[in-house]
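Numbering follows my numbering, with no gaps: position 108 of the sequence shown is 201. No residue lacks a Cβ here, since even glycine has one placed at the ideal position from N, Cα and C. None of the values given here were measured: they were computed from a predicted structure.
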Amino acid sequence: MSIYLRQICLVAEQLEPVVERIENLFGVPVCHRDPEVATFGLENALFAFGSQFLEVVAPIREGTAAGRFLERRGGPGGYMVICQATSLEEQAGVRARAAENNVRVAWESDHESGNLMQLHPRDMGAAFLEVDWDEQADPRGNWQPAGGMDWVKHTMTDRVSGITGVTLSDTRPTQLARHWSNVLGMPVKDRDGTPVIETPNAVLKFAECDHQESAGLTAIDLAVGDPATILTRSMEQGADRTGQSLNLCGVEILLR
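Shown next as structure tokens:
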């Protein structure tokens, strides 16, 4: 099974303060802004972390899904797990298994060389799951949500080389892991008592939270070149940090 983690999306109340913070923390510039997200009442910015992406979106009008997410959470947080299927058949398999498990397709779009498919977060639990396909099928290359290949010139792998893990929290993490496994068609494994799903380039981890209100996409693991400098910059900004982690847009960032 070749389904790769390609992108994580966070929701902010205001975009530019978070963009400025990411640029200052990691020393990585914005690689792409997609004007088409205005259709959903949003603005966004993407950062290339190796051949993966961190996206931040913020609402620019009332009545958006992202705005309702902010209201429910009482602030910013993790929003989407976005993957790349390396064949159309694999994407179709996810769509079929989603239907078998009563997961709705929240939004779908064809473009010239591929298809984007988002599965409903209420049905998936914890976050949107998006599984996209394009005919180039290169998990280290072309990526339509980041504008194709323009992102390559903005990579700084000596600073951030990839997203190696994502934590999805729920009051019943084992059940959530099985559900995501059933949809993705990938097995649940045990890693020191934590249920995980291993993609070829990252690990989806399922953790327990005390209340369903705090369920969601709660942490991201980043492979970085100089964690000490990033943590120092975070402290200089007056932000919270614990050990080798910091808080960004309502999500814990674990520096590896």
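* Three-way DSSP call (helix, strand, coil) for arginine 303 in this model -> The amino acid at residue 303 is misidentified as arginine; the sequence shows aspartate. Coil, per DSSP.
- Task: Have a look at Leu348, Leu135, Thr287, His272 and flag the residue whose alpha-carbon is nearest the alpha-carbon of arginine 190.
- Result: His272
Which full runs of the alpha helix (DSSP H) of 4+ residues lie inside the region 143–168, going along the chain? 158–166
*So what does DSSP say about threonine 250, is it helix, strand or coil?*
coil
Checklist entry - How should arginine 188 be labelled, buried or exposed, when 16 other C-beta atoms within 10 angstroms of its C-beta is the threshold for buried? => result buried
Per DSSP, which one or two residues make a beta bridge with proline 288? Asp283
* 6 Å CB neighbourhood of threonine 267 in its chain, flanking five on each side removed -> Pro288
Just to confirm my understanding: we take valine 377, look at its own chain, exclude 5 residues before and 5 after, and list those with CB closer than 7 Å. What are they? As shown, the chain starts at 94 and ends at 349. That puts residue 377 outside it, with no answer to give.
Quiz prompt | Straight-line Cα distance separating valine 344 from valine 130 | solution = 22 Å
Could you check which residue in Pro320, Ser327, Glu201 has the C-alpha nearest to that of tryptophan 226? Glu201
Cβ-Cβ distance between glutamate 148 and glutamine 100 below 8 Å: yes
Item to complete: With distances taken Cα to Cα, identify the nearest neighbour of histidine 204 among His213, Trp236, Val196, Asp231.
Response: Trp236
Report the CB separation of leucine 277 from isoleucine 290 in whole angstroms; it is logged as a contact under 8 Å. 7 Å
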